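*Asks:*
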Amino acid sequence: MKTYHGLPASPGITIARARKYARVNLLNLVPEDCASIDVSVEASRINHALMEAKRRLENMRSIYAEKELVDALGYIVESIAQEALELVNSERICSSLAVKRIYEKYAEMLRSTGSQLFAFREVDLRVAAELLLGSILGESGRQLPMELADKVIISEELGITEFFELLKLNIKGLVTRSGGVTSHVAIVARCNGIPYVIVPQLNISDFADDSRVIIDALNGLVILEPDDSTLKTYEVKAENYWKALEQIAKYAYEKAVTTDEYSVKVLCNVGNLEEARLASTLGCDGVGLFRIEFLYMRDKPPTVSELRDVFEKTASFFENKPVVIRAPDIGGDKPVPYISMKENNPFMGLRGIRLLLEYKEDLFIPFIEAFLEAFKSHNNLKLLLPMVSRVSEVLETVKLIEETAKKMNIDDSNLELGVMVEVPSTAILIDKFAETGKIRFVSYGTNDLTQYVLAVDRTNPKVGVIYDDLDPSVLRLLSFSMSKAAENNLEVEVCGELASRQLAIPILLSLGVKGLSVNYSVVGVVKYTVRGTSLEEVKKQVPPQVLNSSNSQEVREALKQYLSLKGLALLG
Ligand code: PEP
Ligand code: MG
């Protein structure tokens, strides 16, 4: 028996047989030299590959909740194909080499920035190039071997397209050596309930095919060839875990109210209309965060009428429930092709509200117009501002909204405006934001807040172990800021990933949260946990211990213990 410790990337427990999987690097299969070719044949190969790639991307759509990745990949595939066609015509080289050259050109551009952020996006670029190459090199019909079905997959790394194909084989779990907990593979694994652990020290040759493996992705453990007693213990654990999860799903349709009658809203995070529609049927008490910027990630921004249509439809799905639309959070990890941003440190640069105020005419005003038009007939819409770091940004935005509303002859007096708290300066000065009298609610974006409090890039796997939203420093800042927000009559919500963690519910309730905006797959778990909790009790018992911890392990232990004591523990 050998136990590996790693990063839990998608929760769950599984016991199955292992199968090693090595990805084929299609870029290595491209010939170095291929002159004197028939240009029209090579051009038609690229066009055919583009059609094939689009078909595969469409297939992905039906099983992938994060549609924006599919859109982004589609955009990159088209751009590579377009430039490769030009190269075939001008240089008279074969289609595969043209695709590889375009890929290399962009990969080099991204690498030369030296930023981990761009290194992360290079993965998407490679996936797009390989989608085209798969067809050109005759690999598109390649079936993954059936021996992978029902197995735990052990791999160095995995691309998102391969992962989609593996999902169809009903795989039981995933262990990789590299990757990040915020990677697309991890997100898709979470949406599909596939336990996944990333083990940087993984030695793949230890795993013989068909050896028995336990993945305990609640605690980040991978156990190879467990002894009898470990196996027995985990058989019971796994059965209890999945049974409990099934039973808890029904709580999604109940109210989230504590045993002493404190009620909170369990809202959902969505990224497009399809998700919004789905979320409206899964027990969400509204939308707490619509990441509208994904509509902007293509060759040009959406039109006013397109945006209005999305806002109106989402508002109708949820009728009288709140729908919080976030103004587009462009920049940082979400660049758009029509704004050229050469920044050494994009997370600290022109992003969110800073960028919107810089590009008022082209981006912000059309967005506000669309929002106001929809608001006229759907007053359950609320507006949230991303990446706010100064009070002046709120004042400037309010002025812009008022001027636009006046021009459009729309009454905006009941419009509820909120600020995302993602930057420490905003968390610290929250009372000053409240004093403007212009905002009604705050939504803590703990994903970014964590990276700024801990000075750790949320997309960089090398520092992935430091990135932890349960770090006591993050929780202390939340405690300080949320109490000031509540004193100043601001409604407090959390829309970062922290709200989706069962472990975090007791501490968030004790800090006075009124709204938890979560992934729709965990609505049942979150409501179940709230319903089993007494507010008075958590307030007394949880913060003293948790906020006095020196590290996130101590926080986790304290929270685990609390949930176990109350008989609520589910996710380890
Ligand atoms: C956050 O930062 O917590 C957040 C919800 O925004 P995003 O993850 O889209 O940056
Ligand atoms: Mg954010």
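Numbering of the sequence shown is given in our numbering, commencing with residue 3 and proceeding in unit increments.
Glycine residues also receive a C-beta, built at the ideal position from the N, C-alpha and C atoms.
Being a predicted model, the structure only gives us computed values, none of them experimental.
1. Does DSSP put D658 in a helix, a strand or coil?
2. So, is the C-beta of L9 closer than 8 Å to a C-beta in chain D?
3. Between the beta-carbon of G514 and the beta-carbon of S475, is there less than 8 Å?
4. Taking only runs that begin and end inside the segment 454 to 515, name each unbroken alpha helix (DSSP H) of 4 or more residues, in chain order.
5. Hey, would you say the C-beta of E424 is under 7 Å away from at least one heavy atom of the ligand MG?
6. Spatial neighbours of E371 within its chain, please: CB distance less than 7 Å, with the 5 preceding and 5 following residues excluded, ordered by chain position.
7. For the alpha helix (DSSP H) containing V43, name the first residue and the last one.
8. Which same chain residues end up closer than 7 Å to L549 when comparing Cβ atoms and leaving out the 5 residues on each side of it in sequence?
9. May I ask you to report which of helix, strand or coil DSSP gives A429?
10. So, is L561 buried or exposed, given that buried needs 16 or more other C-beta atoms within 10 angstroms?
11. Give the DSSP-derived three-state secondary structure of F292 in the structure shown.
12. Write down the C-beta distance between L472 and L505 rounded to the nearest angstrom, noting that I regard them as a contact closer than 8 Å.
13. May I ask you to report which of helix, strand or coil DSSP gives R103?
14. In terms of residues, what are the limits of the alpha helix (DSSP H) holding Y530?
15. Would the C-beta of G447 count as close to the ligand MG, meaning under 7 Å from any of its heavy atoms?
16. Give me the Cα-Cα distance between E345 and K440, rounded to the nearest whole angstrom.
17. For N382, which residues from the same chain have a beta carbon less than 8 Å from its beta carbon, with the 5 sequence-adjacent residues on both sides left out?
18. Starting from the Cα of K568, find the closest Cα among K541, Q543 and G534 and give me that residue.
19. Would you kindly work out how many angstroms separate the C-alpha atoms of G116 and N462, rounded to a whole number?
20. Give the DSSP-derived three-state secondary structure of F209 in the structure shown.
21. How would you call R25, buried or exposed, if buried means at least 16 neighbouring beta carbons within 10 angstroms?
22. Any chance the segment 44 to 55 sits against the segment 155 to 174, with 3 or more Cβ pairs inside 8 Å?
23. Using 10 angstroms around the beta-carbon of V421, count the other beta-carbons present and answer buried if the total reaches 16, otherwise exposed.
24. Would you kindly work out how many angstroms separate the C-alpha atoms of P33 and V101, rounded to a whole number?
25. Can you give me the start and stop residues for the beta strand (DSSP E) that H7 sits inside?
26. Got a sec: does the ligand MG put a non-hydrogen atom nearer than 7 Å to the Cβ of D459?
27. Does the segment 209 to 225 come close enough to the segment 3 to 17 that 3 or more CB-CB pairs lie under 8 Å?
28. Using the beta-carbon count (16 or more within 10 Å), is M111 buried or exposed?
29. Exposed or buried, which one is E60 when buried takes at least 16 other CB atoms within 10 Å?
30. For K4, I'd like the list of residues in its chain whose CB is within less than 6 Å of its CB, leaving aside the five on either flank, ordered along the chain.
31. Pick from I196, K267, F209 and V129: whose alpha carbon is nearest that of L75?
32. Over the uninterrupted alpha helix (DSSP H) stretch that includes Y243, give me the two end residues.
33. For the segment 416 to 435 against the segment 388 to 403, are there 3 or more C-beta pairs whose distance is under 8 Å?
34. Per DSSP, N271 is paired with what?
35. Leaving aside the five residues before and after G498 along the sequence, list all residues of the same chain whose C-beta is less than 6 Å from its C-beta, in chain order.
36. Flag L431 as yes when its Cβ comes closer than 7 Å to any non-hydrogen atom of the ligand ZN, and as no otherwise.
*Replies:* Quick answer:
1. Because the chain is modelled from 3 through 574, residue 658 falls outside the range shown and cannot be assessed.
2. You won't find chain D in this structure, because it holds only one protein chain.
3. Taking 8 Å as the Cβ cut-off, G514 and S475 do not qualify as a contacting pair.
4. Qualifying alpha helix (DSSP H) stretches, in chain order: 474 to 489 and 507 to 512.
5. Within the cutoff, so yes.
6. Cβ neighbours of E371 beyond the five flanking positions: V306, T406 and M410.
7. Where V43 is concerned, the enclosing alpha helix (DSSP H) stretches over V41 to R63.
8. Only P474, L477, R478 and S481 meet the Cβ criterion.
9. In the structure shown, A429 sits in a helix (DSSP, three-state: H, G or I).
10. Burial call: buried.
11. If DSSP states are grouped into helix, strand and coil, F292 belongs with the strands.
12. Between L505 and L472 the Cβ distance is about 7 Å, and since that is below 8 Å, they are a contact.
13. Helix at R103.
14. Taken as a continuous stretch (DSSP letters only), the alpha helix (DSSP H) holding Y530 covers V525 to R533.
15. Taking non-hydrogen atoms of the ligand MG into account, the C-beta of G447 is found less than 7 Å away from one of them.
16. Taking the straight line from one Cα to the other gives about 32 Å.
17. Answer for N382: G288, A317, F320, E321, N322, K323, P324 and V325, listed in chain order.
18. Checking every option, the nearest Cα to that of K568 belongs to G534.
19. For G116, the predicted model reports a pLDDT of 47, less than 50, meaning its position is unreliable and no value from the coordinates is stated.
20. Coil.
21. Looking at its Cβ environment, which holds fewer than 16 other Cβ atoms inside 10 Å, R25 is exposed.
22. In short, these stretches do not touch, since the Cβ pair count stays below three.
23. The residue is buried, with at least 16 neighbouring Cβ atoms inside 10 Å.
24. Counting only the Cα atoms, V101 lies some 11 Å from P33.
25. DSSP places H7 in the uninterrupted beta strand (DSSP E) bounded by K4 to H7.
26. No, the Cβ of D459 stays beyond 7 Å of every heavy atom of the ligand MG.
27. Taking a contact to require three or more Cβ pairs closer than 8 Å, the segment 3 to 17 and the segment 209 to 225 qualify as touching.
28. With fewer than 16 neighbouring CB atoms inside 10 Å of its own CB, M111 falls in the exposed class.
29. Here E60 is exposed, its C-beta having fewer than 16 other C-beta atoms within 10 Å.
30. So the list reads L226, once near-sequence residues are dropped.
31. Closest option to L75, judged by alpha-carbon separation, among I196, K267, F209 and V129: V129.
32. Start and end: D230 to I250.
33. At 8 Å Cβ cutoff, the stretches touch.
34. Note: N271 sits in a beta bridge opposite L291.
35. Excluding sequence neighbours, G498 sits near G447, T448 and N449.
36. In terms of ligand content, the structure shown lacks the ligand ZN and carries the ligand PEP and the ligand MG instead.
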